[in-house]
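J.: Take the sequence shown: its position 57, counted from the start at 1, is 146 in the numbering used here, and no numbers get skipped.
Ideal placement from N, C-alpha and C gives every residue a C-beta, glycine not left out.
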Amino acid sequence: MNDERLTVPIGHLVGAGRVRRGTGLVELDDRQYAVWALAHGTPHAVEEQVPWQRESIVELARHTGIANAAEIVEELLGIGLLAEFTLGGEEARDFARGHQLTPLMLGLGNTATEPGGFAIGFLGQPVLRVDFAVYDLWQWSAMDDSLWAVCESAADVARRSAEARTDAETLLTRFLTALHPLLLVNAAYVDVSFRLSGVSA
C-alpha cells in the first residue's frame, strides 16, 4: 500500500463551473469542470475498491470524449484543484497538514443490527456506511484546521483509552483509503487548510 498514489479533488462546488478553494473562487471551463468532477471517483471504483489515481481520471475522461484529459489534469494540479500523494509516507502527511475536510451530511451512527457500520447521510436517509475509525475522523474533521491535526487528536484520545491504541499515521492512511467514497456521494469535501481572520464569534 505504501506505493499507492491517489489523486484527490480540492475545493467546494458552489455553482456551475465555480469551485471555492480556501477563500478564493476558481472559474472552470466545461472540460476542466468535467475532469475535476471525475476526480471524485466512480461507483464502480468504490465498489471494487480501486485506488483513484491520475490514470483513472484520464482514462475515464477520454471515454467521455475529453481528448486532452492528461493536460487538463496537469492544469488542475497547477491551480491547486487536484492534489496527489503516495499513501503511508511524507507526501501523505504533507497533504494532511495542508488540507482540511468539511462534512456535508449528518452522522447517523450505528444500529443494533449493524453495530460495526456507521451511517452518514440525512435524517431517515443513510447514504453510505463506514467503519468507526473513518466515521470518527469524518465527524470531527471540522473541529481542527487540518486533517493531520484531526488524526493527531484522535490518536491522543486513543492513547488515553484502555481499549484502543493507535497513532496518527495509521489513522491517516486508513482514512485516506476511504476518502473517495465520501467525496463521491458529496458527504464531505477537501479544501486547503485555512482559517478566516477578523470574524468575531
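Rounding to the nearest angstrom, what Cα-Cα distance links D183 and P270 in this structure?
T.: Approximately 22 Å, taken between the alpha carbons.
J.: If you draw a straight line from the alpha carbon of L149 to that of A158, how long is it in whole angstroms?
T.: Looking at the two C-alpha atoms, the distance is approximately 9 Å.
J.: Buried or exposed: which applies to P98, given that a residue is buried once 16 or more other Cβ atoms fall within 10 Å of its Cβ?
T.: The residue is buried, with at least 16 neighbouring Cβ atoms inside 10 Å.
J.: Given that a residue counts as buried once 16 or more other Cβ atoms are within 10 Å of its Cβ, and exposed if not, what is Q214?
T.: Under this definition Q214 is an exposed residue.
J.: For L176, which option in V274, L273 and L268 has the closest C-alpha, if you only look at C-alpha atoms?
T.: For L176, the nearest C-alpha among the options comes from L268.
J.: For F174, write down the residues that DSSP places opposite it in a beta bridge.
T.: Beta-bridge pairing links F174 to L95.
J.: Give me the Cβ distance between A277 and L193, rounded to the nearest whole Å; I'm assuming they're in contact under 8 Å.
T.: A277 to L193, Cβ: 6 Å. Contact.
J.: DSSP on V274, reduced to helix/strand/coil?
T.: Coil.
J.: Whole angstroms are fine: how far does the CA of S145 sit from the CA of R109?
T.: If I take the Cα positions, the gap works out to 24 Å.
J.: For G210 and G154, I'd like the C-alpha separation in whole angstroms.
T.: Spanning the two alpha carbons is a distance of roughly 33 Å.
J.: Looking at A222: is its Cβ nearer than 7 Å to the Cβ of R284?
T.: The answer is no: Cβ separation not under 7 Å.
J.: Which of the three DSSP states is assigned to V115 in this structure?
T.: Strand at V115.
J.: Which residue comes first and which comes last in the beta strand (DSSP E) that contains P132?
T.: Here P132 belongs to no beta strand (DSSP E); instead the alpha helix (DSSP H) covers P132 to E136.
J.: According to DSSP, simplified to helix, strand and coil, what is V162?
T.: Residue state, collapsed to three classes: helix.
J.: On the CB-based measure, 16 or more other CB atoms within 10 Å of its CB, does D225 come out buried or exposed?
T.: D225 is buried by the Cβ-count criterion.
J.: Among the residues of its own chain, which have a CB less than 7 Å from the CB of V274, if the five just before and after it don't count?
T.: Excluding sequence neighbours, V274 sits near V216 and L217.
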